[in-house]
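As you go down the protein sequences, you meet chains B and A in turn. As numbered in our numbering, residues 20 to 303 make up the first sequence, in order. As numbered in our numbering, residues 20 to 303 make up the second sequence, in order. We treat Cβ as the ideally placed atom computed from N, Cα and C, and that holds for glycine.
Number of protein chains: 2
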Amino acid sequence: MPNLERLEHHACFGGWQDVYRHRSEVLGCEMTVGVYLPPQADPAHPRHAPCPVLYWLSGLTCNEQNFITKAGAQRYAAEHGIILVAPDTSPRGEGVADAEGYDLGQGAGFYLNATREPWARHYRMYDYIVDELPAWVEADPAASDARAISGHSMGGHGALTIALKNPGRYRSVSAFSPIVAPSQVPWGEKAFAAYLGEDCEAWKAHDATELVRSATERLPLLVDQGGGDEFLDVQLRPQLLQAACEAVGHPLRLRMRPGYDHSYYFIASFIGEHIAHHARALKA
Amino acid sequence: MPNLERLEHHACFGGWQDVYRHRSEVLGCEMTVGVYLPPQADPAHPRHAPCPVLYWLSGLTCNEQNFITKAGAQRYAAEHGIILVAPDTSPRGEGVADAEGYDLGQGAGFYLNATREPWARHYRMYDYIVDELPAWVEADPAASDARAISGHSMGGHGALTIALKNPGRYRSVSAFSPIVAPSQVPWGEKAFAAYLGEDCEAWKAHDATELVRSATERLPLLVDQGGGDEFLDVQLRPQLLQAACEAVGHPLRLRMRPGYDHSYYFIASFIGEHIAHHARALKA
């Protein structure tokens, strides 16, 4: 990985929470990534072995810091011996296109490859997450080639769509409060129109509710959704994914959590269950 | 509590993480406070009972957000049925004296009552933590009158000194990376000179290493200290407390944690052990 720089290095639950900055050729800018190495990644650890990797995709406005500082996921990753990789949510910096709103441009990459200007040059988060980032992570002898993916909100959309589009690549997938049908909700309509153009046919390739209809792999989807989420009815609408999964028999476990909102307090409350779910698949 | 306003309300580990703003008469300004109510605080909970309260005092530059968003303490408070109360670290706002540095003025109240100008009017965090805040918290039927106190860095200093100065008031005390001897280190010398004046005799009343020498209650002190803490040798110096405790036979459990730094990644890694320690004392 060219121009790799370690920005942070903190002991945490017996392992290390690091933050790296590196040059992304795919995105044409520098990117920051949080990497948690569990104790088992240390060659001196009595149960040392190459560790499976859980990729975490954050939501709108986030960077690599939100998940690593607020989710409390390191405890569970340490218990299960899983590496956590949490990248920034979009290309950034001078020369990278941006927009006024929080829901388009920097901080809002939507985990796709943009085809329209001014976005097409840098906004290639799909290729970054699927190829460039894991190629770097998995070149480290600490990492095995067993992969899982999860995320929150826009990142839940990213996790679901990327897993559905890449059969065999991820052992498991889960999401918190995902945008399950971006083609049918305001956040997705705005972003997809900008990044992909007005032709809604092109949107289907990045819409989980569309992708399950033709999925060739029956990878179970685990989704947690807060019942008190302020974005539930307009932006998230998990029942659309539920109906699509039922129509084609795609396995979905959708858990509504009464009272929980869209914040990291929700994620923190249930990330342990998600990591246990991924651990079962990653070590099977 | 006059002018009480709830700013935040999040479901979290089966309970509620709230943030309140209220008018403090002692401090002469508005204050923000994080309050975590565990599931057992709900009258509908099968194991409902008035819950003991752990007061958490944060460090330099912090407000009520740092602990509630980064420590991951709610999981353990929910397990043990403990209310967590995390106030801001100083008076704030227009009309409240301040200084250029991060280590004096707003964000740096040092949990004492200032006697010198321009600080004496508002900087009365000792009275706020010992009297005004618990009077409000414990008026709620969700809270029992069993109290514990803990904190980090400047807040570890606050927890140790407040517990030592108030025998019988707290069932247990602990600290992460505390400033154990502020009279002998740069952070403390600067703050105490400003808030209390140049006479070092007045400083002893707010210095844990001095207070243990004359403590009438043998309340055990639990201290965790990261061995990789960037402030260890100049600002924290836990061996000064250790020597003072040994000299008078005051019980101290000082745990050095190799590799850990001064950040919330350290606190998150061991806050579960601290809350278990407090739970044993609070429920004895």
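From the DSSP output, read off the bridge partner residues of residue i.
{"i": "Leu-301 (chain A)", "result": "None, per the DSSP bridge assignment."}
{"i": "Gln-244 (chain A)", "result": "A:Met-275"}
{"i": "Arg-25 (chain A)", "result": "A:Tyr-39"}
{"i": "Arg-143 (chain B)", "result": "B:Asn-132"}
{"i": "Gly-120 (chain A)", "result": "Beta-bridge pairing links Gly-120 (chain A) to no other residue."}
{"i": "Ala-127 (chain B)", "result": "B:Gly-124"}
{"i": "Gly-53 (chain A)", "result": "A:Val-38 and A:Ala-105"}
{"i": "Trp-17 (chain B)", "result": "Residue 17 (chain B) lies beyond the residue range present for chain B, which begins at 20 and ends at 303; the question has no answer from this structure."}
{"i": "Ala-182 (chain A)", "result": "In the DSSP output, where bridge partners are listed per residue, Ala-182 (chain A) has none listed."}
{"i": "Ala-30 (chain B)", "result": "B:Trp-35"}
Could you work out which residue in the options is closest to residue i when comparing CA atoms only?
{"i": "Pro-2 (chain B)", "options": "B:Tyr-95, B:Leu-152 and B:Leu-240", "result": "Outside the displayed span of chain B (20 to 303) sits residue 2 (chain B), for which this structure offers no information."}
{"i": "Ala-161 (chain A)", "options": "A:Arg-25, A:Ala-68 and A:His-141", "result": "A:Ala-68"}
{"i": "Ser-169 (chain B)", "options": "B:Leu-230, B:Val-115 and B:Ile-294", "result": "B:Ile-294"}
{"i": "Leu-73 (chain B)", "options": "B:Ala-227, B:Ser-163 and B:Ile-198", "result": "B:Ser-163"}
{"i": "Ala-266 (chain B)", "options": "B:Glu-229, B:Met-275 and B:Trp-138", "result": "B:Glu-229"}
{"i": "Pro-62 (chain A)", "options": "A:Gly-34, A:Gly-47 and A:Ser-282", "result": "A:Gly-34"}
{"i": "Val-115 (chain A)", "options": "A:Arg-140, A:His-99 and A:Ile-286", "result": "A:Arg-140"}
{"i": "Ser-288 (chain A)", "options": "B:Val-192, B:Thr-51 and B:Gln-93", "result": "B:Gln-93"}
{"i": "Gly-47 (chain B)", "options": "B:Leu-76, B:Asp-122, B:Tyr-147 and B:Ala-154", "result": "B:Tyr-147"}
{"i": "Thr-80 (chain B)", "options": "B:Gly-100, B:Ser-172 and B:Val-104", "result": "B:Ser-172"}
{"i": "Lys-209 (chain A)", "options": "A:Ala-182, A:Gln-261, A:Arg-256 and A:Gly-128", "result": "A:Gly-128"}
{"i": "Tyr-145 (chain A)", "options": "A:Trp-155, A:Asp-117 and A:Leu-131", "result": "A:Leu-131"}
{"i": "Cys-70 (chain A)", "options": "A:Gln-59, A:Val-192 and A:Val-204", "result": "A:Gln-59"}
{"i": "Ser-191 (chain B)", "options": "B:Ala-158, B:Arg-166 and B:Ile-102", "result": "B:Arg-166"}
{"i": "Cys-31 (chain B)", "options": "B:Glu-98, B:Leu-251 and B:Arg-276", "result": "B:Glu-98"}
Hey, quick one: how far does the alpha helix (DSSP H) through residue i stretch, first residue to last?
{"i": "Gly-34 (chain B)", "result": "Element bounds for Gly-34 (chain B): not the alpha helix (DSSP H) but the beta strand (DSSP E), 34-43."}
{"i": "Leu-215 (chain B)", "result": "205-215"}
{"i": "Val-267 (chain B)", "result": "257-267"}
{"i": "Glu-98 (chain A)", "result": "93-99"}
{"i": "Glu-229 (chain B)", "result": "227-230"}
{"i": "Thr-88 (chain B)", "result": "83-89"}
{"i": "Glu-220 (chain A)", "result": "219-222"}
{"i": "Leu-46 (chain B)", "result": "Leu-46 (chain B) -> no alpha helix (DSSP H), and no H or E assigned at all."}
{"i": "Trp-138 (chain B)", "result": "Per DSSP, Trp-138 (chain B) belongs to no alpha helix (DSSP H) and is neither H nor E."}
Using a Cβ-Cβ distance cut-off of 7 Å, determine whether residue i contacts chain A.
{"i": "Ser-209 (chain B)", "result": "Sequence inspection shows Lys at residue 209 (chain B); the Ser mentioned does not correspond to that position. Not closer than 7 Å to any Cβ of chain A, the Cβ of Lys-209 (chain B) fails to qualify, so no."}
{"i": "Gly-78 (chain B)", "result": "no"}
{"i": "Gly-187 (chain B)", "result": "no"}
{"i": "Gln-244 (chain B)", "result": "no"}
{"i": "Gly-53 (chain B)", "result": "no"}
{"i": "Ser-3 (chain B)", "result": "Residue 3 (chain B) falls outside the range modelled here, since chain B spans only 20 to 303, and no answer is possible."}
{"i": "Ser-282 (chain B)", "result": "yes"}
{"i": "Thr-88 (chain B)", "result": "yes"}
{"i": "Ser-288 (chain B)", "result": "yes"}
{"i": "His-91 (chain B)", "result": "First, the amino acid is wrong: residue 91 (chain B) is Gly here, not His. Closer than 7 Å: yes."}
Could you compute how far the alpha carbon of residue i sits from the alpha carbon of residue j?
{"i": "Gln-84 (chain B)", "j": "Gly-53 (chain B)", "result": "7 Å"}
{"i": "Phe-211 (chain B)", "j": "Gln-254 (chain B)", "result": "14 Å"}
{"i": "Leu-273 (chain A)", "j": "Leu-238 (chain A)", "result": "14 Å"}
{"i": "Leu-259 (chain B)", "j": "Pro-106 (chain B)", "result": "28 Å"}
{"i": "Leu-23 (chain B)", "j": "Ile-290 (chain B)", "result": "29 Å"}
{"i": "Ala-234 (chain A)", "j": "Tyr-55 (chain B)", "result": "43 Å"}
{"i": "Arg-143 (chain A)", "j": "Val-149 (chain A)", "result": "10 Å"}
{"i": "Ala-263 (chain A)", "j": "Gly-175 (chain A)", "result": "17 Å"}
{"i": "Gly-112 (chain B)", "j": "Leu-215 (chain B)", "result": "22 Å"}
{"i": "Trp-206 (chain B)", "j": "Asp-280 (chain B)", "result": "18 Å"}
{"i": "Glu-217 (chain A)", "j": "Ser-202 (chain A)", "result": "11 Å"}
{"i": "Trp-138 (chain A)", "j": "Ala-213 (chain A)", "result": "8 Å"}
{"i": "Val-242 (chain A)", "j": "Gly-126 (chain B)", "result": "40 Å"}
{"i": "Glu-249 (chain B)", "j": "Pro-110 (chain A)", "result": "32 Å"}
By the DSSP assignment, the beta strand (DSSP E) with residue i in it spans what residues?
{"i": "Ala-162 (chain A)", "result": "162-170"}
{"i": "Val-192 (chain B)", "result": "191-195"}
{"i": "Leu-308 (chain A)", "result": "Outside the modelled stretch of chain A, which goes from 20 to 303, sits residue 308 (chain A), for which no answer is possible."}
Examine chain B for any beta-carbon lying closer than 7 Å to the beta-carbon of residue i, and answer yes or no.
{"i": "His-141 (chain A)", "result": "no"}
{"i": "His-29 (chain A)", "result": "yes"}
{"i": "Thr-108 (chain A)", "result": "no"}
{"i": "Phe-32 (chain A)", "result": "yes"}
{"i": "Ser-169 (chain A)", "result": "no"}
{"i": "Gly-120 (chain A)", "result": "no"}
{"i": "Gly-278 (chain A)", "result": "yes"}
{"i": "Gln-261 (chain A)", "result": "no"}
{"i": "Ser-196 (chain A)", "result": "no"}
{"i": "Gly-100 (chain A)", "result": "no"}
{"i": "Ser-43 (chain A)", "result": "no"}
{"i": "Gln-36 (chain A)", "result": "yes"}
{"i": "Gly-175 (chain A)", "result": "no"}
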